[in-house]
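For what it's worth, our numbering labels the leading residue of the sequence shown as 9, then goes sequentially.
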Amino acid sequence: MTPDTLSAQGQAAYDAEDYETAVAAFRQARQVWHEMGDPFGEAQAAMDEGRAHARFGNIEAAIEALSDALKLFKECDALEEQAAVAMQLGQLMVQRGDYKRASELLAYAAQLFDELDDVEHANEVLATLEEAFGQQGDWLNRLIVRYYLMRRTGDDVSLSARLLGLFLRLLGVSLS
Numbered sequence: 009m010t011p012d013t014l015s016a017q018g019q020a021a022y023d024a025e026d027y028e029t030a031v032a033a034f035r036q037a038r039q040v041w042h043e044m045g046d047p048f049g050e051a052q053a054a055m056d057e058g059r060a061h062a063r064f065g066n067i068e069a070a071i072e073a074l075s076d077a078l079k080l081f082k083e084c085d086a087l088e089e090q091a092a093v094a095m096q097l098g099q100l101m102v103q104r105g106d107y108k109r110a111s112e113l114l115a116y117a118a119q120l121f122d123e124l125d126d127v128e129h130a131n132e133v134l135a136t137l138e139e140a141f142g143q144q145g146d147w148l149n150r151l152i153v154r155y156y157l158m159r160r161t162g163d164d165v166s167l168s169a170r171l172l173g174l175f176l177r178l179l180g181v182s183l184s
């Protein structure tokens, strides 16, 4: 069976919420892409496998598959895919409670989305990063990200944004 056929079967199972079957199909597709020597196809199948694991509730397996996908997408220099996978991994790390790794992945995803001029996704990632900082009790970084988001969305002239900026400057934070 071709890897495209296996991926289509996996997607059909995923859409039917049969995540166990989806994982198996995506894993098979991943193996076939690997045997064919196609790292991009393998990365896409790994990303799909990770997505299915996450929906099935297997967070650790999802993290493993998505980490493999990120590595392969880096080898292929596929920036858009790297950004999407880093965002998914960061969100899973927040669920796992690994806020340090979540922060690293989310910052990386935001940087890539900025390079791709994808403002909407960059802002979404930054909002998740702000939440991750809050969940780990890192209030200063949470406020910095909140201020940065306000500036990015044009809300830097509101009273709350100006007060937040003043507060951060009083704390010695460089806001340039």
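Every residue gets a Cβ at the ideal spot worked out from N, C-alpha and C, and that includes glycine.
Taking the alpha-carbon positions, what's the residue i to residue j distance?
i	j	result
D26	E50	21 Å
L97	R159	26 Å
E123	A62	27 Å
A20	G45	25 Å
Should residue i be labelled buried (16 or more other beta-carbon atoms within 10 Å of its own) or exposed?
i	result
L178	exposed
E138	buried
W41	buried
A24	exposed
Who are the Cβ neighbours of residue i in its own chain at under 7 Å, not counting the five residues just before and after it?
i	result
V181	I152
G204	Within the shown structure, residues of the chain are numbered from 9 to 184, placing residue 204 beyond reach of any answer.
F34	S15, G18, A53, D56, E57 and A60
Q36	L14
A135	L157
As a quick exercise: from the options, pick the residue whose alpha carbon is nearest that of residue i.
i	options	result
T10	Y22, D106 and Q39	Q39
Q1	A117, T29, H42 and F48	The question about residue 1 has no answer here: the residues shown for the chain are numbered 9 through 184.
S75	A94, A62 and A86	A94
Which same chain residues, not among the five before or five after residue i, have their C-beta less than 6 Å away from its C-beta?
i	result
A91	A117, L120 and F121
G142	R150
E89	F81
Got a sec? Which residues, its chain only, sit under 8 Å from residue i by beta carbon, not counting five neighbours each side?
i	result
I71	G58, L97, L100, M101 and R104
N131	L157, R160 and T161
### Start-end ranges of the alpha helix (DSSP H) lying completely within the region 25 to 87, minimum 4 residues
27 to 44, 47 to 64 and 67 to 83
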